[in-house]
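Residue numbers (my numbering), protein chains in the order written: chain F, 35 to 664; chain Y, -7 to 198. Here the structure comes first, spelled out in structure tokens, and everything after it is commentary.
Here's what the structure looks like:
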């Protein structure tokens, strides 16, 4: 069997596709009986756009269209011209419903105008290459590109079988895709490893089609058949991925100098937090929430094998949340190996300083801590299992350690009011020295999330996101079962209030980027504070009163007001709650502690920490001493 | 209430003065761990002259400056004999200062073009990756994965005898010098990129 896996737009150009890498490794288990190749058509599309638009759509614009405009559905609509084989497909309607700026719409429309030619050329090339099977993997905005290519291949070469899988095919979505698009022969509506193994065996004659888990297929009369659901794969069944074609394609690409090469590796699937408390807005784990962690030694061996094989030190872990076992097994080993890795990891926000230090020592540079809010009431609505002060702590500590933390503020929760944010707004200028959010945005209603599954939580009416209706020629009742993003009633803050929050976040970003710092140094007679936060008096002073020193020391980890009262009495013999409360008030006024939900957290970072910040390109545009160094 | 004493601790423990003769034996990591933020060098540094005495001071200083830059340590220092210096070689390192009233195109250029992370290397075990953005118009990513080049690059992380490197491979040394990754002063050699120690925020900005 000759099989071609195609990675369609809008997969990032900066890293290979994990799913395809794993399936290629599985195919190798069958030796010469299966020949597989991977084609990174996403890179081809980026190159095509670059050439045809005379560089107006360069790699940065490709990434922008595919990632930044996800919630506008740009990536899906762009390929509707190819799917329907029309030069232009409902562009006036899309322009009206997308809410895109004129400039962005022009960009999207230009790509839309080119998509049909790209797909047709690509289908011709694939059809002439004598593959028996074409595999397509679809996540987020890859659905229309995959379907457009599949339809065209089938038109040219009906003998080539098409199989589709990926997150967009999970559960009911995959069945609906199969029923709606007859040119798709098979859909895998669950995890692919065991399904693909059995599929190969079926093609080799050693397995019945009915025995392929999660497979959706057609019987001889053309009726869709749905097999039993696959057991979730254990991580021991998941081999290390193979990425040869990705690296070969990038290195020979005219865009090579703009591609930031990364290796993608997977240590875990599912979410150990979500198993117990499913975050109300999150649908990312689909039907595979059960947490499964790869053996630590195996993970380390696979990581270094990939590093050496592809001579790349930048690592993206695909895990939705790091396994806590890895703090005992994987991270100490990575630290000891003394490689200069640059690793991305998603973590839970309640990590302690020593755990963050270990991440840093192991080569982790980028965290996605899933902060989402600094307001405990909102975090409770999310069932996040963290508090506002815990989130400030992880931001403070990651800033101190030089770990980049990427996070957003999510709004639009059912019982939310603007007043909920007032306490944070009042103190936002005190946070100028810690990493700000990338943006503030309204939550999207995602399939598989509790907000989707339980309308009684607050989103009683919903419909598929508007852009799907403009992209597909399908009734709403079909889209309801096929798509990932939905629109519900607007909840929580108003649009005007959202804009106000966005403006505050922009001010925070600016203050941080100008080099704001707030540091502490413990000396014999107290704590030295050096404060250069934007908007604050730039000075150095000694905090020497015992109670102030105790509070700043004890609130390195968050403490409640009551706990601080008790500590003041126990350690300093201060029995007056009023004195403690007034001291807390004064420390808050100086921006030395952050208060939320009657808990307090100290804000200064350690004086002896190296915090190097670089903003703007490393292109030396004549601004000396640009970065702030603490 | 919070008692404060204004300015008493300004620069407390954060500034260290070093004479040029102390540089070779200075442990930069230890300085940073103790909270030192700025080091001031007493005496000017000549980066050009090839005489044996100056070669040693020059490369010891550059070795110190590499690690200081990598650790985000500010170095107040002054350049001697700046007339013939090719600043392109050095703009990844913390730049010199000018004395009051002094003018120098070289120093001004260096100050204007310095950015953190313009030229550094990463250890990949069986290979080394070097990022070199010192010349904005010719930016490189070098992969060094074979001996003797790998051996020479690692050996010259600190000032070493040129003769010793020639003995490993004159050709490989020549290639590294041609790429401005190794410089020679008198009988000594030194690699120019620093090893990355602390990544900046944002982490992909270099």
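Idealized CB from N, CA, C, for every residue including glycine.
Sheet register partners of residue i (DSSP bridge)
i	result
residue 198/F	170/F, 221/F
residue 251/F	259/F
residue 180/Y	153/Y, 177/Y
residue 380/F	402/F
residue 553/F	564/F, 639/F
residue 348/F	376/F
residue 71/F	38/F
residue 498/F	520/F
residue 439/F	401/F
residue 594/F	633/F
residue 297/F	349/F
residue 71/Y	37/Y
Cβ-heavy atom distance, residue i to the ligand HEM, below 6 Å
i	result
residue 561/F	Among the components of this structure there are no ligands whatsoever, and the ligand HEM is therefore not found.
Where residue i meets chain F, residues with beta-carbon distance less than 8 Å
i	result
residue 24/Y	642, 644
residue 115/Y	372, 373, 374
Neighbouring residues, chain Y, relative to residue i (Cβ below 9 Å)
i	result
residue 400/F	191, 194, 195, 196
For residue i, three-class secondary structure by DSSP
i	result
residue 589/F	coil
residue 7/Y	strand
residue 143/F	helix
residue 339/F	helix
residue 20/F	In the structure displayed, chain F extends from 35 to 664; residue 20/F sits before or after that span and is not available.
residue 522/F	strand
residue 33/Y	strand
residue 573/F	strand
residue 186/Y	strand
residue 302/F	strand
residue 316/F	coil
residue 474/F	strand
residue 136/Y	strand
residue 113/Y	strand
residue 98/F	helix
residue 356/F	coil
residue 41/Y	coil
residue 198/Y	coil
residue 66/Y	strand
residue 122/Y	strand
residue 538/F	helix
residue 459/F	helix
residue 480/F	strand
residue 661/F	Any reading at residue 661/F needs caution, since the residue's pLDDT is 38, under 50, leaving its predicted position unreliable; the model's value is listed next. In the structure shown, residue 661/F sits in coil (DSSP, three-state: anything other than H, G, I, E or B).
residue 393/F	helix
residue -3/Y	Annotation note: pLDDT 40 at residue -3/Y (below 50); position unreliable, coordinate value reported separately. Three-state DSSP puts residue -3/Y in coil, outside helix and strand.
Under 9 Å from the C-beta of residue i: neighbouring residues of chain F
i	result
residue 168/Y	Within chain F, no residue comes near residue 168/Y; the closest Cβ sits about 19 Å away, beyond 9 Å.
residue 135/Y	345
Amino acids of chain Y, ordered along the chain, whose beta-carbon sits closer than 7 Å to that of residue i
i	result
residue 647/F	192, 193
Within chain Y, partners of residue i - CB distance below 8 Å
i	result
residue 294/F	196
Chain-ordered chain F contacts of residue i [CB-CB under 7 Å]
i	result
residue 27/Y	555, 641, 642
Note down, in chain order, all residues in the region 176 to 195 of chain Y with a beta-carbon under 9 Å from any beta-carbon belonging to chain F. Close to chain F, meaning a Cβ-Cβ distance shorter than 9 Å, are the following residues of the region 176 to 195 of chain Y: 187, 188, 189, 190, 191, 192, 193, 194, 195.
Going along the region 116 to 127 of chain Y in order, which residues come within less than 7 Å of chain F, judged by CB to CB distance? For the region 116 to 127 of chain Y, which is checked against every Cβ of chain F, the residues closer than 7 Å are 116, 117, 118, 119, 121, 125.
Interface residues of the region 37 to 63 of chain Y facing chain F [CB-CB below 8 Å]: Of all residues in the region 37 to 63 of chain Y, 63 have a Cβ within less than 8 Å of some Cβ in chain F.
Stretch pair the region 9 to 27 of chain Y + the region 46 to 55 of chain Y: three plus CB contacts closer than 8 Å: Contact between the region 9 to 27 of chain Y and the region 46 to 55 of chain Y is present, because at least three Cβ pairs lie under 8 Å.
To be precise: take each residue of the region 96 to 115 of chain Y, compare its Cβ to all Cβ atoms of chain F, and keep it if any distance is under 7 Å. Which residues remain? Those would be 103, 104, 105, 106, 107, 108, 109, 110, 114, 115, in chain order.
According to a CB-to-CB cut-off of less than 8 Å, which residues of the region 325 to 345 of chain F neighbour chain Y? Answer in chain order: 338, 341, 342, 345.
Contact between the region 169 to 186 of chain F and the region 199 to 216 of chain F (3+ Cβ pairs under 8 Å): With the cut-off at 8 Å, the region 169 to 186 of chain F and the region 199 to 216 of chain F touch.
Where the region 437 to 452 of chain F meets chain Y: residues whose CB sits under 7 Å from a CB there: Against chain Y - using a Cβ distance shorter than 7 Å - the residues of the region 437 to 452 of chain F are 438.
Quick one, which residues of the region 468 to 482 of chain F are near chain Y if we go by CB-CB under 7 Å, in chain order? Identification of residues in the region 468 to 482 of chain F having a C-beta nearer than 7 Å to some C-beta of chain Y yields 469, given in sequence order.
Assess contact between the region 420 to 438 of chain F and the region 575 to 593 of chain F, defined as three or more Cβ pairs (one per stretch) separated by less than 8 Å. Is contact present? Flag = yes, the region 420 to 438 of chain F and the region 575 to 593 of chain F touch.
Could you tell me whether the region 54 to 74 of chain F touches the region 266 to 277 of chain F, where touching means 3 or more Cβ pairs closer than 8 Å? Short answer: they touch.
Three or more C-beta pairs below 8 Å linking the region 162 to 182 of chain Y and the region 132 to 152 of chain Y: Segments in contact, yes.
Per the contact definition of three or more C-beta pairs closer than 8 Å, is the region 38 to 48 of chain F in contact with the region 72 to 82 of chain F? In the pairwise beta carbon analysis, the region 72 to 82 of chain F is classified as touching the region 38 to 48 of chain F: at least three pairs are separated by under 8 Å.
Three CB pairs or more closer than 8 Å across the region 543 to 550 of chain F and the region 518 to 527 of chain F: The region 543 to 550 of chain F is not in contact with the region 518 to 527 of chain F.
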